[in-house]
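In what follows, a structure is listed as structure tokens, so that the remarks can point back to it.
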Amino acid sequence: MTRITVTVDGTRYTDDVEPRTLLVQYLRDRLGKVGTVVGCDTGNCGACTVHLDGRSVKSCQLLAVQTDGHEVTTIEGLANGATLHPMQEAFRDCHALQCGFCTPGMIMQAVDLVTENPHPTEAEVREGLEGNLCRCTGYHNIVKAVQQGAGAMSGGQS
Amino acid sequence: MTTKLFGAPITRREDPRLVSGNGKYLDDLGAGALAAAFVRSPYAHARIVDIDVSGALDVEGVVAIYTHEDLDGAVADRLPLLIPHPALTAPMVAYPLAPTHVKHVGEPVVMVVAADRYVAEDACGRIRVDYEQLPPVVGVEAARAATHLVHEEAPGNVAAHLVQEVGDARAAVAAAPHRLELDLFIDRSASMPMEGKGVLAQWNADDQMMRIYSSTQTATGVRASVAAKLGLPLAKVECIAPDIGGGFGAKIMHPWAEEVLVPWAARRLNRDVKWVEDRREHFISSTHERSQVQHVEVGFDDDGRVLGLDVTFWHDNGAYTPYGIIVPIITSTQLLGPYKPGAYRVEFFSLYTTTVIVTPYRGAGRPQGVYAMERTMDAIADYLGKDRADVRSANFILPEEMPYDHGLLFQDGRPYKYDSGDFPGSLAKLKALVGWDEWADYRAAAEAEGRRVGLGIGCYVEGTGVGPYEGGHVQVETSGRVNVATGLTTQGQGHQTAFAQIVADELGVPIDDVYVTTGDTRKMAYAVGTFASRAAVVSGNAVALAARAVRAKALRLAANALEVDEADLEIVDGIVRVVGSPESAIPLGTLSVLSNPLRYAFDEAAKAATQFAGAADFSKPPVADDEEPGLEGRDFFSPTQSTFANGMHAAIVETDPVTAEITILRYCVIHDCGNLINPMIVEGQVHGGVGQGVGGALYERMVYDDAGQLLNASFMDFLMPYASEVPHVETDHLMTPSPLNPLGVKGAGEAGCIPVTAVIASAIEDAEGFPIRSMPISPVELWELRRRHAAGELPSLRRHTAATS
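Respectively, the protein sequence lines represent chains A and B. Just so you know, we're using the numbering used here here: the first sequence kicks off at 1 and counts up by one. Just so you know, we're using the numbering used here here: the second sequence kicks off at 1001 and counts up by one.
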């Protein structure tokens, strides 16, 4: 067992974990943050995407021990209380989700994408989401939502 | 006035939950449950010689290890044959754990239950199974050759053989002025939902009660099959489908071995047990679809009118046939699309191979059928030097010919009879949307830039809303809250919104007061499942009928309470009021109070229903003879036949002259699924279907080697498209209502994916000038076809030869 201290969604946790425990299993099984889901185990689908110190990472590709001393944000920590994050709002508004399983990872990746490029073109959004699979939407409305969310995140100027 | 919600593109009621990580999928439930993992066959075909679990017994945290020998009762028998058919002469279904033989890589052999999944996997790694390998049978050709058999019980590897014929098709082909033959192939893909399967079983020993949560498309099916397997009264089993991370057909198959074994182990251990499928398991031990070899013979006249159509195909059904022959039956009927050949004969062989089972995946045999028909239409057009759309027009069933009976039997065992559709109208819209008549100019402009482009088209008809039935239950609580239940499940179709729209309209209540539950046998025990684009049609109409029953009761109660005639009442925003005198009104919540005469008041509102609350008519019982307590209603919708939606797609592709890379430049869809409950949701279904179709046309296939190993069993190697591969989709709708149900709706779930393979093949063929007869197609394969074409091994299209000569 290894002791780690990690801040998740604004709360500091200290836990003993097995070295082989994946970050996503630590989040889900230890902290009960089941909003972050597992889709493929191989780092290809992006359903488990979270932010590590503000940048998107696939939490099935990190060990929990690697996050010792760092800050993790999950989909559950994105909204401001009852007020959805603009990207969450945009996903809802644009019908950018159906089954919703890829959605937490997709939104976390979208926020990261827009943080890096506040005014992405459609092509840039599509490229920026390469790494996150969706089987329901054909991405059509996801792309629309990310652009709308980008506009909202920058104060309405897209 | 209440705004009409039916037809409104309102945002989904489930989304605030799902966008904030508050969805509850199978693996989000049951914290602390024991975890199951499985040792699965590494060989495609083998005899089990010995199983040695001794090395795993001392792994700390292991609770139990089970092989077939440990199973008892009906759990030790084969899993059920879900859909028997007279033509399925050699049905074979697997055991939950293989007793003596394994028939595909991934078949479960040993089950381990442990404190958590890590430990369970550790133990699986220490179990030794000795096998004697037997010859694998991989692919349609090997199955047909039958040099080796998958099952001794199935001579020639034939599970089923079926012929349907209308008229004398072979004579019609022989007598036709023109004849063509086509040999076609389409490869395997799979539903591949983002969430795999999973099951959580909670045995309550005190109540002798089993609760199952399953990531399923049929909660009632799982409930009934597990009750039968475990020998439990149905009343002692309940099944709940929580949020489901996609299904696309894979989860209508049931009961999966794990769905039986996990509850069995939970009862035996008296502990909660959970199994969550990982991605590799989903690849090698769930289900695939699509693979068929097809031979088409067609005879036609100078206008391209099909006089005789004779189709034979060989369908790879994998190692077992638990879902019967639904997929090839659908191929053999839906192949006809919007057309009316003079005579039609179809014959298929459903063949065993030592690969993952084949059961419906979105489209369910239709993409293959449409591919065969549309390749044929393009070939006829090319042969005659005619416009491809004109040849299709010449074969259309016309609106005035509806209803149109093909004289075949459909997948529900009922007549294959189209109810409505306007195919010429759809084609006109499609041509306008894609710019069909300006295509020559478009191509010329591209060619001037040294670019190679092609235009493709594909038409389909989709039987949707298949029976036997679904039910709806609508109940108004005293608070005015409206609870709606239907038994089928939801995997992303937005039922909590669409069904709420229907009920809000029918009942006259704000949609925010309506709460929809699906896939919970506690709320609706009679149901079938979510497949065949049937939810909106069958459950949609059922909840509408149930809401109408509640409305009728509310009006009866209100007429009595307000001492007016029912005909003078309306319901607006949850309040029953006299038309023209809105001050004479009573809320539905209050009617709910009055509908349930009480002895005991539990809150302020309930006082009104107690025995001393007011005057009563002592000549009548508190609950009238023909009434039941409560403001609620239940009804079922059972259609006489499927309702047939249709659509037409066109695509413009560009193929790189050097690398043979294929890019979709435009993708256009005309879709007609009757009246739209929520156009935003329908459009989303179409987008998603097209996305899956593009995957199936250009990227996805199951790559088996000759030994029956699936070489690409992960998302690293199975190329499911990302946002960078799926094109922007342009859509337009026709709305030809169905005459077969009160709401006039048709199903929409599968439509988008059905013609995509045919459309892309058509477009690539148009770009390249030689026939495309095998799909999906990769740049490497296209490059190889170009090489063969240049070497004279592949003929040129006639129109291409004409254009370049």
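Note that beta-carbon positions come from the ideal geometry of N, C-alpha and C, so glycine has one too.
Cβ shell of residue i (< 6 Å), same chain only, five flanking positions each side left out
i, result
"B:G974", "The shown model of chain B, from 1001 to 1805, leaves out residue 974 of chain B, and the question about it has no answer."
"A:A145", "A90, F91, C94, A96"
"B:Q1411", "I1326, I1329, I1330"
"A:P19", "T2, V65"
"B:G1494", "R1012, I1681"
"B:K1340", "I1397"
8 Å Cβ cutoff met for residue i and residue j
i, j, result
"B:V1105", "B:S1041", "yes"
"B:R1279", "B:G1221", "no"
"A:P118", "A:G128", "no"
"B:A1678", "B:Q1501", "Before going on, a small fix: residue 1678 of chain B reads as Asn here, not Ala. Yes, Cβ-Cβ distance for B:N1678 and B:Q1501 is below 8 Å."
"B:I1511", "B:L1005", "yes"
"B:L1409", "B:Y1418", "no"
"B:N1675", "B:V1759", "no"
"B:T1655", "B:I1764", "yes"
"A:Q98", "A:C136", "yes"
"B:G1708", "B:A1044", "yes"
"B:I1754", "B:G1363", "yes"
"B:Y1352", "B:N1317", "yes"
"B:R1551", "B:Y1515", "no"
"B:V1053", "B:V1110", "yes"
DSSP three-state assignment for residue i, whether helix, strand or coil
i, result
"B:A1033", "coil"
"A:M87", "helix"
"B:I1244", "coil"
"A:R12", "strand"
"B:V1163", "strand"
"B:I1457", "strand"
"B:S1592", "helix"
"B:G1299", "strand"
"B:L1200", "strand"
"B:H1282", "helix"
"B:Y1699", "helix"
"B:C1239", "strand"
"B:I1329", "helix"
"A:G149", "helix"
"B:M1001", "No answer about B:M1001 holds up, because its pLDDT of 41 lies below 50 and its placement is not dependable."
"A:Q109", "helix"
"B:V1140", "helix"
Residues near residue i by beta carbon distance below 8 Å, same chain, minus five either side
i, result
"A:C40", "A47, C60, L133"
"B:D1705", "V1138, L1711"
"B:S1796", "G1769, F1770, H1789"
"A:H140", "none"
Sequence-distant residues of the same chain with beta carbon closer than 7 Å to residue i, five excluded per side
i, result
"B:A1546", "G1472, H1473, V1474, G1633, R1634, D1635"
"B:P1779", "T1659, A1660, E1661, I1662"
"B:A1381", "G1304, D1387, R1388, V1391"
"B:A1114", "L1034, A1035, G1061, V1062, V1063, A1120, A1123"
Among the options, nearest to residue i - alpha-carbon criterion
i, options, result
"B:L1743", "B:T1643, B:L1097, B:I1772", "B:T1643"
"B:G1450", "B:S1539, B:P1657, B:V1572", "B:P1657"
"B:V1690", "B:M1720, B:F1612, B:T1530, B:R1305", "B:M1720"
"B:W1439", "B:D1512, B:S1054, B:F1715, B:V1453", "B:V1453"
"B:G1425", "B:G1030, B:R1392, B:G1308", "B:R1392"
"B:A1120", "B:P1135, B:G1156, B:L1057, B:A1035", "B:A1035"
"B:E1665", "B:A1650, B:V1593, B:I1571", "According to the sequence provided, residue 1665 of chain B is Leu. The question's Glu does not apply to it. Measuring from the Cα of B:L1665, the nearest candidate turns out to be B:A1650."
"B:P1016", "A:G155, A:T49, A:V111, A:I107", "A:I107"
"B:N1560", "B:R1577, B:S1215, B:R1548, B:L1079", "B:R1577"
"B:L1309", "B:A1171, B:L1057, B:P1080, B:G1463", "B:A1171"
"B:Y1025", "B:T1216, B:A1142, B:I1457", "B:T1216"
"B:R1375", "B:W1203, B:V1296, B:Q1491", "B:V1296"
"B:I1457", "B:L1433, B:Q1133, B:I1284, B:F1349", "B:L1433"
The ligand MN heavy atom lying under 7 Å from the CB of residue i
i, result
"A:R92", "With respect to small molecules bound, the structure shown includes none, and the ligand MN cannot be examined in it."
Output needed in chain order: residues of the stretch 1221-1249 of chain B with a Cβ under 9 Å from some Cβ in chain A. Hits within the stretch, in order: D1243, I1244, G1245, G1246, G1247, F1248.
With 9 Å as the C-beta to C-beta threshold (strictly closer), list the residues of the stretch 1007-1023 of chain B near chain A in chain order. P1009, T1011, R1012, E1014, D1015, P1016, R1017, L1018, V1019, S1020, G1021, N1022, G1023
Taking any Cβ of chain A, which residues in the stretch 1709-1736 of chain B have a Cβ under 7 Å from it, in chain order? S1714, F1715, M1716, M1720, Y1722, A1723, S1724, V1726, H1728, V1729
Select from the stretch 127-143 of chain A all residues with a C-beta closer than 9 Å to any C-beta belonging to chain B, and list them in chain order. Within the stretch 127-143 of chain A, the qualifying residues are E127, G128, L129, E130, G131, N132, L133, C134, R135, C136, T137, G138, Y139, H140, N141, I142, V143.
Residues of the stretch 39-59 of chain A with a CB closer than 7 Å to any CB of chain B: list them in chain order, please. G39, C40, D41, T42, N44, C45, A47
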